[in-house]
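Colleague:
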Amino acid sequence: MKIEIEFKTGSVDASQISKKISPILDSVKEQGLDSREFSIEMDVGPNNGSGSQFAQKISSVFNSMKEQGLKAKEVELELNTGSIRDTSQAMQKISAVVNSINNQGFEVKELEVDSEKEE
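Going by numbering that gives the first Met the number 0, the letters in the sequence shown line up with residues 0 to 118, in that order.
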């Protein structure tokens with residue numbers, strides 16, 4: 000049986016998360032369970048996804064992963080369409096992003112659209 004547990008970290012910084020994850024993984028081991036994957040969702044903030052500064056920062060994250068022998072299994076990108084409320088117009092823009100993903104040799108595994116207003 001495969002179980003996924005997603006939990007919010009709130010305003011906990013990266014060093015605190017690192018310290019707090021070990022006891023959680025120890026608990027998994029104590030219960031005789033096997034942890035297969037662990038993922039972290041990062042908030043890059045508005046308009047930072049396209050900047051070169053983000054590209055440099057995420058590159059260093061991937062370099063650290065490589066140094067530790069970790070592999071990226073999948074990448075999730077959350078987008079906000081901003082003031083665009085027309086679904087067809089938004090889908091045209093998203094389609095361009097999906098084409099870019101495909102052009103880079105990646106396969107889009109899931110595309111989820113949430114039309115609810117953000118809090």
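Quick reminder that beta carbons are idealized off the backbone N, C-alpha and C, glycines included.
Predicted, not measured: the structure shown is a model, and the values here were computed from it.
Take Ser34 and list the residues in its own chain whose beta-carbon comes closer than 7 Å to its own, dropping the five residues that flank it on each side.
Modeller: The residues are Leu24 and Val27.
Colleague: Give the secondary structure of Asn79 by DSSP, where H, G and I count as helix, E and B as strand, and everything else as coil.
Modeller: Coil.
Colleague: Any contact of the stretch 75-83 with the stretch 92-111, i.e. 3+ C-beta pairs under 8 Å?
Modeller: Cβ pair count under 8 Å is three or more, so yes.
Colleague: According to DSSP, is Val96 helix, strand or coil?
Modeller: Val96 falls in the helix class under three-state DSSP.
Colleague: For the alpha helix (DSSP H) that contains Ser21, what are its first and last residues?
Modeller: Its alpha helix (DSSP H) spans residues Ala13 to Glu29.
Colleague: Could you give the DSSP three-state label for Thr86: helix, strand or coil?
Modeller: DSSP places Thr86 in helix when its eight states are reduced to three.
Colleague: Hey, would you say Phe53 sits closer than 7 Å to Val60, going by beta carbons?
Modeller: Cβ distance not < 7 Å, so Phe53 and Val60 don't count as in contact.
Colleague: Thinking C-alpha only, which one of Glu75, Ser63 and Ile39 is nearest Lys108?
Modeller: Nearest of Glu75, Ser63 and Ile39 to Lys108, Cα basis: Glu75.
Colleague: Using CA coordinates, which residue listed in Asn98, Phe105, Gln88 and Val97 is at the minimum distance from Ala71?
Modeller: Nearest of Asn98, Phe105, Gln88 and Val97 to Ala71, Cα basis: Phe105.
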